[in-house]
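Heads up, the sequence shown is in full-length UniProt numbering, so the first residue is 1 and it goes up one at a time.
Notes follow once the structure below has been shown.
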Amino acid sequence: MAKIGNIDVGEFPLLLAPMEDVSDPPFRALCKEQGADVVYTEFISSEGLIRDAAKSVMKLDIYEKERPVGIQIFGANLDSMLQSVEIVEKSGPDIIDINFGCPVKKVVSKGAGAGILKDIPLMVSLTEAMVKHTKLPITVKTRLGWDQDSIKIVEVAERLQDVGASAISIHGRTRVQMYKGEADWRPISEVKNNPRMHIPIFGNGDVDSPERAMEMRDKYGLDGAMIGRASIGYPWFFREVKHFFRTGEHAAPPTLEERIDAARRHLQMSIDWKGEKLGVFETRRHYTNYFKGIPHFKEYRQKMVTSDDAADVFAAFDEVERDFAGYEFA
């Protein structure tokens, strides 16, 4: 059984990755219902938090039904990171996660996210200071290294553990790779199989099928899988992986009724949480996967992703429900 601090997260837990404009409360709720063991918020700027920036503060919203839930923050300035820990604590998360892996230029250019992979001593000292500043477990999400020539993840993980990190999630790519090529899980396995390591090591990157999740568990020996892109518009991925683990067989795909229900609830929860304009806009990215497999779906999708009016989107859901009644997904 894996434990993050004193939190029992089960045998080979499935974690919802922190994804910008994706891992918000509505989507986390849907993933939790479908079997996600731990969910993380979108990543939050420490500088935004201490400036009381509205978008950053809004991301602190968490709900009891999500637990255990982690709030993820990023930054490279010690004082800002420590101040943000104090702000985050007031929201009552179970875990605080530090993002040392985001490869996006606007984050990296400030020395944060994956940018800190160029300064491992700073990465370690920031982690240590944050561990000492809170009683909540501090976890880290990172990448293999800055580039192929600077992969020292075994040593880096040891150092993070030694200063008190409670778990580490590792994406199997370097920053230079961004999201290109295939994730390499072998270095993550080397971290896990290092006899000095005793905290959970979670794998991330290209876990896009139940078989791949099982491979991460059985071949690479990791403690859990962090799921990102495979869950976008498809919260059932968590359910399907767990079914495969239990039975060795693929679960039946969600029915049209389940998909329509999830899409409606997702949109309504998003509107309730962030207002109609943003709620409609930020759920658009999910619709392709919600209805993937339906033939001649383009005109329906166009209605869903081009209208700014929630009523129009709900009407498009109604059309799909009517026009494809009885459709069976392969």
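For glycine and all other residues, C-beta sits at the position ideal for the given N, C-alpha and C.
Here Ile71 carries a strand assignment [DSSP, helix/strand/coil]. The beta carbon of Met304 sits closer than 6 Å to those of Tyr287, Val313 and Ala316, all from its chain and outside the five residues before and after it, given in chain order. Boundaries for Thr306: no beta strand (DSSP E) harbours it, while the alpha helix (DSSP H) harbouring it runs Lys298 to Thr306, taken from the DSSP string.
With a cut-off of 8 Å on Cβ pairs, the stretch 242-260 is not in contact with the stretch 268-282, counting fewer than three such pairs.
Listed in chain order, the non-local C-beta contacts of Gly101 below 7 Å within the same chain comprise Gly113, Ala114, Lys141, Thr142, Arg143 and His171, local neighbours out to five positions each way being set aside. With contacts defined by Cβ atoms closer than 8 Å, Asp37 and Gly10 form a contacting pair. Contact annotation, Thr134 with Val85: C-beta distance approximately 5 Å; criterion of less than 8 Å satisfied. Distance from the CA atom of Ala263 to the CA atom of Phe291, rounded to whole angstroms, is 9 Å. For Ile153, the uninterrupted alpha helix (DSSP H) segment begins and ends at Ile153 to Asp162. A check of alpha carbon separations from Val124 across Glu319, Pro210, Asn194 and Ile168 identifies Ile168 as the nearest. Restricted to the stretch 56-107, the alpha helix (DSSP H) segments that are unbroken, complete and at least 4 residues in length are 78-89, listed in chain order.
Counting only residues of its own chain and dropping the five nearest sequence neighbours on each side, Lys242 has a CB closer than 6 Å to the CB of Gly35. Around the beta carbon of Asp223, a 10 Å sphere encloses 16 or more other beta carbons of the protein chains shown; the residue is thus reported as buried.
Counting only residues of its own chain and dropping the five nearest sequence neighbours on each side, Gly164 has a CB closer than 6 Å to the CB of Val131. Under the 10 Å beta carbon count, Ser109 is surrounded by fewer than 16 other beta carbons and is classified as exposed. The criterion of a C-beta distance shorter than 8 Å is not satisfied by Val156 and Glu190. CA-CA distance, Ile44 to Lys90, rounds to 15 Å.
Here Lys192 is buried: its Cβ has 16 or more other Cβ atoms, across all protein chains shown, within 10 Å.
Residue pairing of Asn289 in beta bridges, as defined by DSSP: absent, with no partner found. Short of 8 Å from the beta carbon of Leu278, and not among the five residues preceding or following it, lie these beta carbons of its own chain, in chain order: Ser270.
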